[in-house]
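Structure record follows, encoded as structure tokens.
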Amino acid sequence: MQDECMTQTVPQSVTSAAMRRTLAGFATGLSVVAAELDGRVVGMPANSLASVSLDPPLVSLAFARTSTTWPALRTAPRWGISVLAEEQAALLDVLRRPAGARFQGVGLNIDDGAVYIRDALATIAVAPRTVVEAGDHDLVLLEVTHLHRDETQQPLVFFNSTTHLLSH
């Protein structure tokens, strides 16, 4: 006897479009990863931030191999990750500018080469440890060396290919 609550889904072919459409249903936070190299800030928005291990403390990020920012960022010994707060939604348009203009006019804090967006919900200092080739991306394991969270703020959320606020 079949369970009346069971639903059937029709499997889709695994294409790039199907992957994007399906995983757009998985809500993520929005973060920015950045470092100071030779007196200039390099970095980019990232929504692939994931906790990997508590002991040792590790997180991961994934970078498209087609990225023009990734080759420079990967040479930095220390990075800053900023988890964006709801009030920072407008920053996304600024952070999507070409690499040379990406951080112009953005409030930043720089600490020992790690660059953070000012007033972020959380900041995480990391050191790259391992890069794994993963299809058309590089998956990077990062050792967490310092972190801070402002518990008075709410996160900016990415779902269905657009930003959302938890407080509304």
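All the letters of the sequence shown, read from the start, carry residue numbers 9 to 176 under my numbering.
Idealized CB from N, CA, C, for every residue including glycine.
Residues that DSSP places opposite residue i in a beta bridge
i       : result
Pro-79  : Partner(s): none; Pro-79 has no beta bridge.
Ser-61  : Leu-66
Gly-37  : Val-165
Asp-146 : Phe-71 and Glu-141
Burial state of residue i, where buried means 16 or more other Cβ atoms lie within 10 Å
i       : result
Ile-89  : buried
Leu-150 : buried
Leu-57  : buried
Met-9   : Low confidence applies to Met-9: its pLDDT is 48, below 50, so where it sits in the model is not reliable, and the reading given next is rough at best. Classification of Met-9: exposed, given that the 10 Å Cβ count is below 16.
Gly-113 : exposed
Glu-44  : buried
Met-27  : exposed
Gly-3   : The chain is shown from 9 up to 176; residue 3 falls before or after that span and cannot be answered.
Ser-39  : buried
Phe-34  : exposed
Collapsed DSSP secondary structure at residue i in the structure displayed
i       : result
Arg-29  : helix
Met-9   : For Met-9, the predicted structure reports a pLDDT of 48, less than 50, and the residue's modelled location is therefore unreliable. A value from the coordinates is still provided. Reduced to three states, the DSSP call for Met-9 is coil.
Gly-108 : helix
Glu-44  : strand
Ser-90  : strand
Asp-101 : helix
Glu-159 : coil
For residue j and residue i, the rounded distance between their alpha carbons
i       : j       : result
Gln-96  : Ala-128 : 8 Å
Val-123 : Val-22  : 37 Å
Thr-77  : Trp-87  : 13 Å
Leu-173 : Ala-80  : 32 Å
Arg-169 : Asn-55  : It is Ser, not Arg, that sits at residue 169 in the sequence shown. Approximately 11 Å between the Cα atoms of the pair.
Ile-132 : Ala-70  : 16 Å
Ser-175 : Leu-66  : 29 Å
Leu-92  : Gln-20  : 33 Å
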